[in-house]
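The structure appears below as structure tokens.
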Amino acid sequence: MSRPLDLVQGTLDLLILKMLALEPMHGWAISQRLKQMSGDVLQVSDGSLYPALHKLEQQGWIEAEWKPTENNRRAKFYTLTRSGKKQLARETESWSRLAGAISSVVALPEV
Amino acid sequence: MTLDRLLQIVRLRLRSLFAGAAVDRELDEELRDHVERQIEVHVARGMNRDEARTLALRAIGGLEQRKEEMRDARGVAVVENLVRDTRLAFRQLVKQPGFAVTAILSLALGIGANTAIFQLLNALAFRPLPVRAAQELVEVRLTGAGRSGRHTGRNRQVSLPQYQEFVRRQQAFASMLAFSDTRFNLATSGEVRYVDGLWVSGNYFEMLGVAPVAGRLIAPADDAPGCAGVAVISHALWQSEFGGRADIVGQTVPGVGVPVPIIGVTPPGFFGVEVGKQFGVALPLCASGYSRRDHWWLATVGRLRTGWTETQAEAHFKGLISGVQQDTVPDFGAEYREPYLTMGVELVDAAAGVSPLRRSYQRPLLILMAIAGLVLLIAAANLANLLLARATARQDEFAVRLALGGSRQRLLQQVLTESLLIAALGSAAAVAVAMVVSQSIPPLISTAVDRVHLDLAIDWQVFGFTAIVGVATALMFGMAPALRATRATMFRGQSRGSAANAGLAIRRALVSLQMAVTLVLLFGGLLFLRTFQNLASLDTGVNQRGIVVANVFFPEQKYPVEGRVAAYRAIDERLRTVPGVVSLSEAFMTPLGGNFRDNTIIIDGQKVGESNINEVSAGYFATLGTPLTAGRDFDDRDGPGSPRVAIVNEAFAEAYLTGGAVGQRFTIPDDRDDRPGTEFEVIGVAANQKYLDIREEAPRILYNASSQNPSPSPTRRYVIRSTLTAADAARSIGAELAAIDPNITVRYSLLDTQLTESMLQERLMARLSAIFGGVALLLAIVGLYGVVSYTVACRRAEIGVRAALGASRSRILGMVLGDVGRMVGIGIAAGAAFALLASSAVGSLLYGLEPTDPAALAIAIASLLGTSLIAALLPAKRAAGIDPLSALREN
Chain A
928 MSRPLDLVQG TLDLLILKML ALEPMHGWAI SQRLKQMSGD VLQVSDGSLY
978 PALHKLEQQG WIEAEWKPTE NNRRAKFYTL TRSGKKQLAR ETESWSRLAG
1028 AISSVVALPE V
Chain B
29 MTLDRLLQIV RLRLRSLFAG AAVDRELDEE LRDHVERQIE VHVARGMNRD
79 EARTLALRAI GGLEQRKEEM RDARGVAVVE NLVRDTRLAF RQLVKQPGFA
129 VTAILSLALG IGANTAIFQL LNALAFRPLP VRAAQELVEV RLTGAGRSGR
179 HTGRNRQVSL PQYQEFVRRQ QAFASMLAFS DTRFNLATSG EVRYVDGLWV
229 SGNYFEMLGV APVAGRLIAP ADDAPGCAGV AVISHALWQS EFGGRADIVG
279 QTVPGVGVPV PIIGVTPPGF FGVEVGKQFG VALPLCASGY SRRDHWWLAT
329 VGRLRTGWTE TQAEAHFKGL ISGVQQDTVP DFGAEYREPY LTMGVELVDA
379 AAGVSPLRRS YQRPLLILMA IAGLVLLIAA ANLANLLLAR ATARQDEFAV
429 RLALGGSRQR LLQQVLTESL LIAALGSAAA VAVAMVVSQS IPPLISTAVD
479 RVHLDLAIDW QVFGFTAIVG VATALMFGMA PALRATRATM FRGQSRGSAA
529 NAGLAIRRAL VSLQMAVTLV LLFGGLLFLR TFQNLASLDT GVNQRGIVVA
579 NVFFPEQKYP VEGRVAAYRA IDERLRTVPG VVSLSEAFMT PLGGNFRDNT
629 IIIDGQKVGE SNINEVSAGY FATLGTPLTA GRDFDDRDGP GSPRVAIVNE
679 AFAEAYLTGG AVGQRFTIPD DRDDRPGTEF EVIGVAANQK YLDIREEAPR
729 ILYNASSQNP SPSPTRRYVI RSTLTAADAA RSIGAELAAI DPNITVRYSL
779 LDTQLTESML QERLMARLSA IFGGVALLLA IVGLYGVVSY TVACRRAEIG
829 VRAALGASRS RILGMVLGDV GRMVGIGIAA GAAFALLASS AVGSLLYGLE
879 PTDPAALAIA IASLLGTSLI AALLPAKRAA GIDPLSALRE N
């Protein structure tokens, strides 16, 4: 896996945690919501979503439960855990710092 | 990491590991759900179903890759491989039970020997005492020769006044305890029943942080001068002697003469400060009545004050010692004062307790550890040999796998897993071997009255040791075969013969190594065996066979000192009439019995030297079969009032009394300068006997007449020669004593046993090193046999050609045996050189032979050469019997 992807992966983790902080969701719903919210700006491939979910579960930030869905199918619903909440706070914080730093650099007046 | 999160992670990993199939199904379901929903969305937008499916699958980028990625996310591939490899390795072992059993047994013996010796070392020298903060404990020991007088106990270091002075002056210890070991007789009549006892200072239990399981323990207030005494008993004694009764406090135990009330019980597992010993009854120091300045009986241990190091404390004590000595000097004459005043002091770490046993056995055990390590080396070489043979056999398989793109690392992992599995099974079996071996050793180093108790439980140290040795061994014997097997290329794999020959070179080198190490072990074993033989066949000056020693204890109140001479005379007469008794005599000590007494000899006002002293009655020399070479034995002429007479041994006479000893006189000085010594006239000369140590060369001994002692002790030691068996003699003597007075108690031993017990260390070394040498020889021979058989199998075609060209059977036999001879010869030469260089390390444990003893080396070489040739003969005969036609047809 190449480096730029890692960065995207990291951001993807943050997005997923944020999404699940709003409400518990299954994989499909997350992918739809991501598409909806980021629109053309963020291209999140369906292919990278599920491994990311899996990794987050393995790390204990989110937990999963099989539940019937609105159309009577079975789906794996993901919920943010308590330590996941803390992780989200940490990642949000470091993201803001990073974004802030980049914006301030970019906003420097050019001579 | 929070606990919740940790639990979740562990749960998921375990699930991935043990329910992998279910996890995979769920992955599948989740992904399929996603794809189907996507298809529906596409279809709803008007796409046809096939197109929709293609698009959806493309978006997800290949179901199988995703699933693989998710599996990787679970991070269990390494473990899964390990589980798979272990299963595979296990199946292969089961498929080849002969190999498996040989491998596991070799390891069990090799590792087991190491674990057993480690267990002993651990229990004796490494494991901290089971008391509070054992690492803070330090023993105070005196150095220099200045202690004349009475010596009792195994850990005798200081007198009571010295201990008290140290306590009063020292600053380095938060507290400082003193103790001494003793024995209490639990029996009130008949045969003596000893229980190990302790004299302890009042702060002993408090300082060690021991809490009672019943009642209370001895406290400082209990240890006041002139006390009547209170007793604390051990948990074991509470159970064995009192049946664990609840009202134990207030019961009594026999102390010294008077019963002592029990005030409490120590917890199970507490054995005191001396490793290797246990106690049943502990009494405060004051109850002993010992307070003399020239009585050396106490060991002292301090607990370092916070902030003090052992080095600082030692410097502190070195500053105190001369003041302490000044204020505690016994009533010595000038010649003893000087050495006493200049004695030094040293502090010794006591975290693992104090132990005279450790001092005498640590070195032997370390040597045995080295021997066991060499046995393991031989076992590992055997396994390397076996695995190399297998590696060669599996080269084809590996070559194919490598050619098909299997990674070498993966193959290495698989082969090493197999080694580790063998090592793990071997280690498990080794623990069982070790338990048996180590449990059998304390009885070997115990004497009848001095039992050794070592806690040999498998603790984490022992377990860790076994595990580390196991893994190290696995790497040692597994690495070379693993590298060899996986280096195979397709090309090598096809030209199998050359690869097999390359492996053979290593295997032949391993056999030479085994032979070298085995020779070293056989040589060492023979050195210890011959040492023991030399000691056992030494002339002790005594015909000890069938001599029963009876220690008889008379109740002091009933036999007051003024009436003892008469009472003893009457009792001796009655005992002499017991049917079967040939002769009977009394002696202060028996040769090598462990007691001793010595003094300065003065002739014509000149100090001429020292001599050991024994005090015996008439008939002693006849009973023990030691001839008198001049003069007469003690008899009725020698009473308390008559002139003092002595018999001396030949060594004494040669040293001090030239020109006819009988009739000459010498003087023994009194303990005090202001009193004159006692003058003796020599009336006889006896042949030499050993005295305290069997290794002594002809010690000088003088014998006083016990009939001249006006105040004999309430304990008498009889030596009895009879026509009865030892048990019958003891029974008859016991019955007669009981008839005289039922309150007399007695303990029997055999002079034979006493003599053997003075050689326990040598016997242990002889037995264990001989056993280890035997195991090494067995392992090495198995290894040699395997390699020779294999060589013959590899050279089958060549031998067939030779036979076809007319080589005779004997020529082929000679060729194979010559080859073995070269292999073994190299090993023997290397081993002999090493053995001769290294044997000086054991020099101090040998007796009566040099560490380079040529006879031992010759026997070791001959036996190794002999067994090697016998082991090689079978495969060599097989080679000679090869039918050239069939051998050639096979190729």
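Residue numbers (our numbering), protein chains in the order written: chain A, 928 to 1038; chain B, 29 to 919.
Glycine residues also receive a C-beta, built at the ideal position from the N, C-alpha and C atoms.
Just so it is clear, the structure is predicted and the values come from calculations on it, not from any experiment.
| Check | Outcome |
| --- | --- |
| Alpha-carbon to alpha-carbon, B/A264 and B/P296 | 7 Å |
| Nearest-angstrom Cα separation, counted from B/G401 out to B/A409 | 12 Å |
| Meets three-Cβ-pair contact criterion under 8 Å: the segment 658 to 678 of chain B and the segment 744 to 762 of chain B | no |
| Same chain, Cβ closer than 7 Å to B/R429, five either side skipped, listed in chain order | L439 |
| Cβ-Cβ distance between B/S23 and B/V593 below 9 Å | No statement about residue 23 of chain B is possible, as the shown extent of chain B runs from 29 to 919 and does not include it. |
| Cβ-Cβ separation, B/A915 to B/L841 (assumed contact under 8 Å), whole Å | Not really, about 16 Å apart at Cβ, beyond 8 Å. |
| Spatially closest choice to B/V548 from B/Y222, B/A858, B/E878 and B/R211, by CA coordinates | B/A858 |
| C-beta contact flag for B/I395 and B/V870 at 9 Å | yes |
| Interface residues of chain A facing B/A87 [CB-CB closer than 9 Å] | S972, D973 and G974 |
| Neighbouring residues, chain B, relative to A/E984 (Cβ below 8 Å) | L40 |
| Buried versus exposed, by CB contacts within 10 Å (16 or more), B/V676 | buried |
| Alpha helix (DSSP H) segment containing B/A462, residue limits | R436 to Q467 |
| CB of B/L214 within 9 Å of CB of B/V286, strictly | no |
| Chain-order list of residues whose beta-carbon lies under 6 Å from that of B/R744 (same chain, five-residue window excluded) | V580 and E614 |
| Within-9 Å CB hit, B/R512 to chain A | no |
| 9 Å Cβ cutoff, B/I67 in contact with chain A | no |
| Span separating the alpha-carbon of B/A141 from that of B/A451 | 15 Å |
| B/L482 versus B/L149: straight-line alpha-carbon distance, rounded | 10 Å |
| Opening and closing residue of the beta strand (DSSP E) in which B/D377 lies | G372 to D377 |
| Where A/Q959 sits in the DSSP three-state scheme | helix |
| Below-9 Å beta-carbon distance, B/L59 vs any chain A residue | yes |
| Where the beta strand (DSSP E) through B/I772 begins and ends | Unbroken run through B/I772: none, as it is neither H nor E. |
| Close beta carbons around B/L484, own chain, < 7 Å, minus the five adjacent residues each side | Q147, A151, S466 and Q467 |
| For B/Q542 and B/A835, the rounded distance between their alpha carbons | 32 Å |
| Whole-number beta carbon distance between B/L555 and B/D881, since they are thought to touch under 8 Å | 6 Å |
| Residues of its chain near B/V159, where Cβ-Cβ distance is below 7 Å and the 5 sequence neighbours each way are ignored | L236, G237 and V238 |
| For B/G659: DSSP bridge partner residues | B/G712 |
| Buried/exposed call for B/D377, threshold 16 Cβ in 10 Å | exposed |
| Spatial distance of B/L133 from B/L812 (CA atoms) | 17 Å |
| B/H70 - DSSP class collapsed to helix/strand/coil | helix |
| Segment limits, alpha helix (DSSP H) that includes B/L812 | L788 to C822 |
| CB contact below 9 Å: B/I37 versus chain A | yes |
| Distance, B/A421 Cα to B/A427 Cα | 11 Å |
| Chain A contact for B/L805 (CB, 9 Å cutoff) | no |
| 9 Å Cβ cutoff, A/E990 in contact with chain B | yes |
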